[in-house]
């Protein structure tokens, strides 16, 4: 035996309301009184009714699906950011499709093509680049893209980042105030705007004090690469007395090598500063001084920017949000220093 499909008309009849009232109750963002919502949901539960999201999308032309493209989750910053992005978008009535993709351009091209096939209303990319071809395809399809924690020199793309240059300048001022004169930088991947901007900020900050980094090497945002570079950089007598590391994920590897392989004291022999302020940075095992990425504000701006563009605001923007230097025990603390 088959059961007849329950429709919104049946729910409206049972609840004693109009069919349009039923539609409003099950449409994210639509308005209905509490009494109407209670009656409709009670009737729907009694009848076993579930709204047809596919049919609604065909009628409205909106899938209410956002594609979230992430390159990797090894860096502890991204699980936190992805969780918050997902929750905030869901609170705004959108569903999330999460796609993991390699940094290779062919992988990104394939995933974004799939997202276009799903007819998503918008795309958020975290830690990935967009090719000119894909940007053009998304623009032609009317699908807005917002880059999270990454930017590109393309006026068609919106981006939300922390103020990486200002954050790195604060690190330079802090280390100089602490009496360091051999400051090195294990940078983030220099093919990315975040990696380049943090390196630029450190160099500008040191230059204001008549100094420059004693070494700048590309850690590629990779833990193993950062560990290998630390062994090379600090395995000689003329080692740096401080190192700014391009993100916390690499900084943890740097600290582990310094302390447990090279037998150096942090911060007695070497001060270490990271960037991100992931939860582990505050653990006593690391107690990492770092620049905090204001992930809550970054997520809020990303969602507002994306949904604004979906609703008709066609002006792409790059939003840079400043974050504080969080001083802990991994670096020498200057007396009276105000970041």
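Numbering (this note's numbering), first residue to last: -15 to 323.
Where is the CB? At the ideal position from N, CA and C, for every residue including glycine.
Would you grab the beta carbon distance between residue 231 and residue 253 for me? Rounded to a whole angstrom, and I think it's under 8 Å.
With a Cβ gap of about 22 Å, residue 231 and residue 253 do not count as contacting.
Using alpha carbons as the reference points, say which of 144, -9, 53, 70 lies closest to residue 300.
144
Helix, strand or coil for residue 169 per DSSP?
strand
Would the beta-carbon of residue 234 fall within 8 Å of that of residue 210?
yes
Using a Cβ distance threshold of 8 Å, determine whether the segment 195 to 206 contacts the segment 134 to 142, with at least three qualifying pairs required.
no
Quick one: what's got a C-beta closer than 8 Å to residue 81's C-beta in the same chain, skipping five residues either side?
49, 50, 51, 52, 99, 102, 104
I'd like to know if residue 267 contacts chain B, where contact means its C-beta is closer than 8 Å to some C-beta of that chain.
Any reference to chain B falls outside this structure, which holds one protein chain only.
Indicate the three-state DSSP secondary structure (helix, strand or coil) for residue 255 in the structure shown.
strand
By a C-beta neighbour count over all protein chains shown, 10 Å radius and 16 as the cutoff for buried, is residue 106 buried or exposed?
buried
Where DSSP assigns a beta bridge to residue 142, which residues make up the other side?
130
In the DSSP assignment, find the alpha helix (DSSP H) that holds residue 149 and state where it starts and stops.
148 to 161
Return the first residue and the last residue of the beta strand (DSSP E) that residue 200 is part of.
199 to 202
Check whether the segment 124 to 135 touches the segment 168 to 180, taking contact to mean three or more Cβ pairs, one atom from each stretch, closer than 8 Å.
yes
Just mark residue 23 as buried or exposed, buried being the case when its beta carbon has 16 or more other beta carbons within 10 Å.
buried
If you draw a straight line from the alpha carbon of residue 27 to that of residue 71, how long is it in whole angstroms?
28 Å
With distances taken between CB atoms, is the gap from residue 166 to residue 255 smaller than 8 Å?
no
Whole-angstrom Cβ separation of residue 309 and residue 275, contact assumed at under 8 Å?
5 Å
Taking the straight line between their C-alpha atoms, what separation do you get for residue 162 and residue 108?
40 Å
For residue 408, the three-state DSSP class (helix, strand or coil)
One cannot answer for residue 408 here, as it falls past the ends of the chain, which runs -15 to 323.
How is residue 260 classed by DSSP in three states: helix, strand or coil?
strand
Proximity winner among 273, 247, 249, 262, relative to residue 62 (alpha-carbon distances):
262
Residue 203 and residue 213 look like a contact to me (Cβ under 8 Å); what is the Cβ gap, rounded to whole Å?
6 Å
Under the assumption that residue 218 contacts residue 186 (Cβ atoms under 8 Å), give the Cβ distance between them as a whole number of angstroms.
Not confirmed; about 18 Å, so no contact.
Using the beta-carbon count (16 or more within 10 Å), is residue 293 buried or exposed?
buried
Can you tell me whether DSSP reads residue 195 as helix, strand or coil?
coil
With H, G and I counted as helix, E and B as strand and the rest as coil, what does DSSP make of residue 11?
coil
Between the Cα of residue 60 and those of 258, -10, 297, spot the shortest distance and give me the residue it belongs to.
258
7 Å CB neighbourhood of residue 330 in its chain, flanking five on each side removed:
The question about residue 330 has no answer here: the residues shown for the chain are numbered -15 through 323.
With DSSP run on the structure shown, which of helix, strand or coil describes residue 294?
helix
Determine the DSSP secondary structure at residue 220, reduced to helix, strand or coil.
coil
Have a look at 250, 160, 282 and flag the residue whose alpha-carbon is nearest the alpha-carbon of residue 66.
282
In angstroms with no decimal places, state the Cα-to-Cα distance between residue 7 and residue -2.
14 Å
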